[in-house]
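A.B. asks: Residue numbers (our numbering), protein chains in the order written: chain A, 30 to 370; chain B, 7 to 243; chain C, 1042 to 1471; chain D, 7 to 293.
Structure incoming, see below.
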Amino acid sequence: MKTTATESRAVVGTRFGERIRLNLQPFYWLMLALILLAAFIPIVTGSSNLREQLFLVLMAVILASSVNIIMGYTGYVSFGHIVFFGIGGYIAFFLMLNYQVHLVPAALVAGIAASGLALLIGIPVLRLRGAYFALATIGINEAVRSFVNNFEPFGGSVGMFFNVQVFEAYGGSRNALWLAYYGIVAVALLTVTASYLIKRSKFGLGLMAIREDQDAAQVLGINPTRYKVAAYTISALFPALAGAIFFFKNGIIEPAPAFNLTASIVSLVAVMLGGFGTVAGPIIGGVVYDRLREFLLTSSIFSSLHVAIAGVLLLLIVLFVPAGLIGELRRRIPILRRFIE
Amino acid sequence: MSTLLEIENVQSGYGEVQILWGVTLKMEQGRLTCLVGANGAGKTTLLRTVMGLLPAKQGAVRFDGQNVTKTSPHERARAGMAMVPEGRQLFTDLSVLENLEMGATPNHARAAMKQNLEWTFELFPRLKERTNQIAGTLSGGEQQMLAIARGLMAQPRVLMFDEPSLGLSPLFTLNLFQIIRKLKERGLTMLLVEQNVQMALAISDYAYVMNHGKIEIEGEARKVRELESVRKAYLGA
Amino acid sequence: MSHKHFRMIGLGVLWSLLIILVAACAAPASAPQPAQSGASTKPIVIGFTASQTGKLNVESKKQIQGMQLWLDDVKKAGGIKLADGTMVMPDIKFYDDESTTERVQALYTKLINEDNVDFLISPYSSGLAKAAAVVSEQNGKVMLTTGAADDATMEQGFKSTYQLYTPASRYLAGAVDLLGQMDPALKKIAIVHEKDSFSTSVANAANEYAKSKGYDVVLFEGYDTGTTDFSPFINKITAASPDAIMGGGHFQDGTTLAKQLYEKQVPVKFVALLVAPPEPKFVEIGDAANGIIGPSQWEPLVKYSPESASAANLPWYGPTVANFVSAYKAKYNEDPSYHAAGGYAAGLLLQKAIEDSGSLDAAKVQAALDKMDLLTFYGHVKFSTDAKTHGKQDAHSMVYMQWQKGADGKFVSQIVFPPEAKSADAQLRK
Amino acid sequence: MNLEALLASGIDGLMLGFVYGIAAMGLTLIFGVMRVINLAHGPIIALGMFSVYLLTNQLGLNPYLAIPITVLLGLAFGMVMYFVAVNRVINEPELTTLLATFAVSLIIIGLGTVAFTTTPRALDVNLGALRSGQITVLGTKAVAVLIAILVAAGLYALLYRTRVGKSIRAVANNRSAAEIMGINTRGILAFSFGLGTALAATAGGLIATLFAFTILSGGTFELKSFVIVVLGGLGNPTGALVGGILLGLLEGVFTIFIPVGWVPVIEYVIFVLILLVRPNGLFGART
């Protein structure tokens, strides 16, 4: 019975969004402004500490928002979405290390390659539904991880690393880290914009129709395969860009951290925390989860118990606020549905 | 004659969509009551609410003098309420015998399973031939028999049928009504929700006519059958 | 209880937890270090991240214990004395990095900028250390790496990063030498290793070294990190009929590999595995531990002493081996492993560099570290000053331990190589 | 190619496959009954390992006596976990139950790391071995296979011969019909969940008698269980046992043919291909 209730709510929400489409513009600009404002603080203050923290926050936002496109809008739980983060990281790193390609083109190539791969694997894999799809994405991530672990051009299990000299081309490692930060800010803005535009477009409506009832969507003239594959391809681009920047910044890439299944699950958690299928949800979820984790990690009170505490918090949220922070807000204060997408 | 099952001013629905708007209904011990009405009138919703599969937003369901409104379906089943649900809802992966065993879940039914099985097989000799067949592979008519047999295995004090003739061939439908009549002769209290209004009214003692989530007409089945409005709306005359 | 009640209680718990968290956030996140006020004491902070959770938790924990013992000793001595007479009172500050690289750079940035640490120690493991080095180098902080043995990491042009561990390339070289010394007739080696960064580097180096010494490497393969059952792989090893097996990876796979080699009665004369054998817990596998050799950065039975220092014409610094071992045992009630010794040594060498330079200035301490060439309980330490490999450990050598069954039937970890350090003769497996 | 090594590895793989199978049966049983993928599966396997380890080392029990106790502990743990973490969201979309069980796995791993650290433990169990050339059949492995067969047979008997087992199948098949038959479906769901975790814990206990382990060791077996469950068909316990044996056999045989580092690549590629080609498992039972 609960399911029906949520579904009907979601449908109501969509219809609602459709009706008042034009009033929603300010929300997007507000979101963008907030992200930019936050992003400017370290630039103005020059605090590298804040910069590093925001880097992680923005990365969490990117990963959550991109997985939300395939999971929240389309209803396909991609458990191994981190595979695109790793692939992006590896391809960019390979180009930067061996061909001295600059970060920006290297990241773009990596992003396109990851999207291309998503296109290729998406066609067969997106035929699967529900748990089968989720399991398949885990399998893909593990297959790629173990493959890279044996693939010598990518350094195999040893991975690849930069000589400090590499950063000299960017004006030293200090400038390189700033560049990485600008990069992640740009990718974050791009991701949020894409997430917003998709949600508001006819394409997004089609995706949500597929989420509610794939067969009915087909009857309405939507080609589910084309829609799903397109969503999957787009959602693969952003993690790949983030991966390229992240591993550039680290100066080292190894298979285990690049294809870390736990990181994949963390981005699902962020989506759930903020609100499944909304634009603002993954952003809020990413911010809250990342800050909470760091707080627990660095707090002396919780010291080594932080993993368990994160588990307890997550469980309470899943059990009692299953719609996520944004979802719950929208449910409780209907007027907000006008403003928060 | 005493009232066995009493539904009082029940309101219910799915999520935010309300379907029943205050339904009151009584079933007397040992009698066959039927509930008829157009598609979407709320008959199935009523049965689901009576059985507890849907919570009643308002009103009460009393069984044998006990208020069962807040109890779960399985508790109601154990108290002696049984239902042959719409679309049969068999355990399609289980064998015929296992389906019947599952029907006999309430304690009193479990104790009497052997005898009940015997007379059920007497009633449905076809099922006896197919004891170990997987239920999902039975024909439609056989599946309906199994659904009824499974309901009987609970040795219920009241048995509710939800559209039992749906999708059956005319021959099977006839057979079905004969079986219901036999059960009535055995003194089983039954509620029959049917689209085949003609036949339902013909074998029932008492009838309710439902429309738009409310009871519109009630009375002795014989009399209801004579009503002009009923004849027009449901009997095609 | 009705659902509603349950929900209320749940929400109550959730909100109160959140409120506690927010309140805790609002409170000063890190309690200020107790000021060691006094005219001539100056507090400094040494920062690092540690793998308190995640797969590297054991090794990392031992390392912290070692460091904590060093801290106790310094405090007992009243601090580190500078040239101008001020006493420097160190303290440590660390965060959990969960054994993953994700947060390492952010945490090191936080340590440097927010916690204002003066010196850095690396996280455990080479991958994490490399990511941390990018940040510490950028901020001109001196960082000592311990628990990070990779060669390549230290060949990336670092200026202020110093490696305490003998590099991975030399982990198994001694084992090859030892094999030759024990029985020159044994020529066939199977090198099997975990397919992770560290073990692969070690195995690659061992492979080259063994070949250069005229050995026949009959099998050279890496297994996946998640491998739990080696039985089929052992059949493959057996089929290659090696005389010796070298490799392994970390504790868990090493332990299982040793156990299964024993169970399958693989007829090899010599088994040397990374990381696992020197851990005291290794002996839980019982008879399977017998004769297993492990390269170790340090062992309680090492024979470094002020005398051996003067014999080698090196300065000696810090506690003796016996003092360290007994102090560690007194504090933690267990034998120190090499990770613990590495932790203590990291503090000790930093202390020495501060004393030598007489200053807390990064550049001066760096210069002192560049010049450092001494013997401690941990062994000989000298850092490369070559531009390409700056900071890489040049002098420290591995010792090789072997589990041997004593007369009382109990297992003892003996040092069997190099000859000048050995506490017992190495034994071939039967 | 060394035929003897191949045969020996085939036997080794086969024996391990039984243990894999038991672990996967737990995962697939829970999925089959309530469509929940239990992400705490791995940590529960690890808890099974520690249960046997602690009962053996702290209370001095024989490890094989510790296994039945572990079964009961696993059952109790699963039922509690069901009511605490799953019951409330059982009708929510898949993702919700995934996250609920993931939260439980964080809690187990978090507390487990604090309590046990990640120091590997090993049980020193030695039951001798049968040997013939390169072929070795360890006593401990043979016993593990035997227990695995007993557990599988027990599960089969439970599901097909007892009323509660039939009720589990009925609930899996049609939950609301089961409820109106008078079956306490919540109770049955909780029991099935407990049964699934008991199987996982048992597998963990058996693994503890064979290999060294830490609180994190369950992760590998969780991933393998996913592969096996897909091989055997999601929700099909018998298929899981066969899938487990198959996977063990594949691992054993492939190890001889190709560099051992490539074995997981092959494994996961097969996994994805089977999902694509035969999503209902190799034996293509039911949907």
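Glycine is no exception: its CB is placed at the ideal position from the N, C-alpha and C atoms.
Since D:Val236 meets chain A, which of its residues come closer than 9 Å, beta carbon to beta carbon?
C.D. replies: Going along chain A in sequence order, the residues near D:Val236 (Cβ under 9 Å) are Tyr161, Leu164, Ala165 and Gly168.
A.B. asks: In the DSSP output, what is B:Arg68 paired with across the bridge?
C.D. replies: Paired residue(s): B:Glu12 and B:Asn73.
A.B. asks: Please classify D:Phe263 as buried or exposed, where buried requires at least 16 other C-beta atoms within 10 Å of its C-beta.
C.D. replies: Classification of D:Phe263: exposed, given that the 10 Å Cβ count is below 16.
A.B. asks: What in chain C is Cβ-close to D:Asn8, meaning under 7 Å?
C.D. replies: Correct list: Ala1280.
A.B. asks: Just to confirm before moving on: does the CB-CB distance between A:Ser293 and A:His131 stay below 8 Å?
C.D. replies: No, the pair does not count as a contact, with Cβ atoms beyond the cut-off.
A.B. asks: Can you pull the chain D residues whose beta carbon is under 8 Å from the beta carbon of B:Arg84, in chain order?
C.D. replies: Within chain D, the residues near B:Arg84 are Gly188.
A.B. asks: What beta strand (DSSP E) runs, 3 residues minimum, are completely inside the stretch 1328-1370 of chain C?
C.D. replies: Whole beta strand (DSSP E) segments, 3+ residues: 1333-1337.
A.B. asks: Please name the residue, chosen from D:Val269, D:Val92, D:Thr146 and D:Ile234, that lies closest to D:Ala109 on a Cα-to-Cα basis.
C.D. replies: Closest by alpha carbon: D:Val92.
A.B. asks: Just tell me which of C:Gln1306, C:Thr1241 and C:Gly1359 has its CA closest to the CA of C:Asn1038.
C.D. replies: As displayed, chain C neither begins before 1042 nor continues past 1471, which places residue 1038 of chain C out of reach and without an answer.
A.B. asks: At a CB-CB cut-off below 8 Å, which residues of chain A make contact with C:Phe1199?
C.D. replies: Under the 8 Å cutoff, chain A gives Val193.
A.B. asks: Take A:Ile281 as the anchor and find which of C:Gln1146, C:Ser1081 and C:Tyr1369 has the nearest alpha-carbon.
C.D. replies: That would be C:Gln1146, whose Cα lies nearest to the Cα of A:Ile281.
A.B. asks: Would you please verify whether the beta carbon of D:Leu33 is less than 8 Å from any beta carbon of chain A?
C.D. replies: With 8 Å as the cut-off, D:Leu33 does not count as an interface residue toward chain A.
A.B. asks: Which same chain residues, not among the five before or five after B:Ser8, have their C-beta less than 6 Å away from its C-beta?
C.D. replies: Only Gln35 meet the Cβ criterion.
A.B. asks: So within the stretch 93-123 of chain D, which uninterrupted alpha helix (DSSP H) runs reach at least 4 residues, ignoring any that extend past its ends?
C.D. replies: If we require 4 residues or more, the alpha helix (DSSP H) runs fully inside the stretch 93-123 of chain D come out as 100-122.
A.B. asks: Going by DSSP in three states, B:Gly196 sits in which element: helix, strand or coil?
C.D. replies: This sequence places Met at residue 196 of chain B; Gly is not what is there. If DSSP states are grouped into helix, strand and coil, B:Met196 belongs with the strands.
A.B. asks: In whole angstroms, what is the alpha-carbon distance linking A:Ile70 and C:Thr1186?
C.D. replies: Roughly 33 Å separates the two Cα atoms.
A.B. asks: Please determine if the stretch 114-129 of chain B and the stretch 144-159 of chain B are in contact, where contact requires at least 3 C-beta pairs separated by less than 8 Å.
C.D. replies: The answer is yes - the stretch 144-159 of chain B touches the stretch 114-129 of chain B, with three or more Cβ pairs under 8 Å.
A.B. asks: Smallest Cα separation from D:Leu53: which of D:Arg41, D:Thr34 and D:Leu81?
C.D. replies: Closest option to D:Leu53, Cα to Cα, is D:Leu81.
A.B. asks: Let me make sure I understand the geometry here. Which of B:Gly147, B:Leu133 and B:Glu92 has the alpha-carbon closest to that of B:Ser101?
C.D. replies: The shortest C-alpha separation from B:Ser101 is found at B:Leu133.
A.B. asks: Assign A:Asn127 to buried or exposed, taking buried as 16 or more other Cβ atoms, counted over all protein chains shown, within 10 Å of its Cβ.
C.D. replies: Per the 10 Å Cβ criterion, exposed.
A.B. asks: Alpha helix (DSSP H) containing A:Tyr57: first to last residue?
C.D. replies: First-last of the alpha helix (DSSP H) with A:Tyr57: Gln54 to Thr74.
A.B. asks: My output table needs one value for D:Leu199: the three-state DSSP class, helix, strand or coil.
C.D. replies: Note that residue 199 of chain D is Phe in the sequence shown here, rather than Leu. If DSSP states are grouped into helix, strand and coil, D:Phe199 belongs with the helices.
A.B. asks: Report all residues from its chain with a CB closer than 7 Å to the CB of D:Leu61; omit the five preceding and five following residues, and keep chain order.
C.D. replies: The answer, listed in chain order, is Leu67, Ala72 and Ile75.
A.B. asks: Taking the straight line between their C-alpha atoms, what separation do you get for C:Glu1100 and A:Ile152?
C.D. replies: Distance between the alpha carbons of C:Glu1100 and A:Ile152: 45 Å.
A.B. asks: Assuming A:Leu218 and A:Ala136 form a contact by the criterion Cβ under 8 Å, report the distance between their Cβ atoms to the nearest whole angstrom.
C.D. replies: Actually they do not touch by this definition, with Cβ atoms about 15 Å apart.
A.B. asks: Applying a beta-carbon distance threshold of less than 8 Å, which residues of chain D neighbour B:Asp160?
C.D. replies: The question names Asp, but residue 160 of chain B in the sequence shown is Ala. Those are Met187 and Gly188, listed as they occur along chain D.
A.B. asks: Can you find the residues in the same chain that come closer than 7 Å, C-beta to C-beta, to B:Leu26, ignoring five residues on each side of it along the sequence?
C.D. replies: Cβ neighbours of B:Leu26 beyond the five flanking positions: Val16, Gln17, Ser18, Gly19, Gly48, Thr51, Leu52, Thr55 and Gly219.
A.B. asks: DSSP beta-bridge partners for D:Arg127?
C.D. replies: The partner list for D:Arg127 (beta bridge, DSSP) reads D:Phe219.
A.B. asks: What does B:Glu224 pair with, by DSSP beta-bridge criteria?
C.D. replies: Paired residue(s): B:Tyr214.
A.B. asks: Taking the DSSP output, what are the residues bridged to B:Gln24?
C.D. replies: DSSP lists B:Gly19 as partners of B:Gln24.
A.B. asks: If you compare alpha carbons, which of A:Phe196, A:Val106 and A:Met88 is closest to A:Val96?
C.D. replies: Ranking the options by Cα distance to A:Val96, first place goes to A:Val106.
A.B. asks: Judging by CA-CA distance, which residue of A:Asp319, A:Leu342 and A:Leu343 is the nearest neighbour of A:Phe84?
C.D. replies: When each option's Cα is compared against that of A:Phe84, the closest is A:Asp319.
A.B. asks: Buried or exposed for D:Tyr166, please, with buried defined as at least 16 other CB atoms from any protein chain shown within 10 angstroms of its CB.
C.D. replies: Its Cβ having fewer than 16 others within 10 Å, D:Tyr166 is exposed.
A.B. asks: Applying the criterion that 16 or more other CB atoms from any shown protein chain within 10 Å of the CB defines a buried residue, is D:Ala246 buried or exposed?
C.D. replies: It is buried - the Cβ of D:Ala246 has at least 16 other Cβ atoms within 10 Å.
A.B. asks: Output the distance between the C-alpha atoms of A:Gly233 and A:Ile362, rounded to the nearest integer angstrom.
C.D. replies: Answer to the nearest angstrom: the Cα atoms are 24 Å apart.
A.B. asks: For A:Gln82, go through chain F and note every residue whose CB falls closer than 9 Å to its CB, in chain order.
C.D. replies: Among the protein chains in the structure shown, which are A, B, C and D, there is no chain F.
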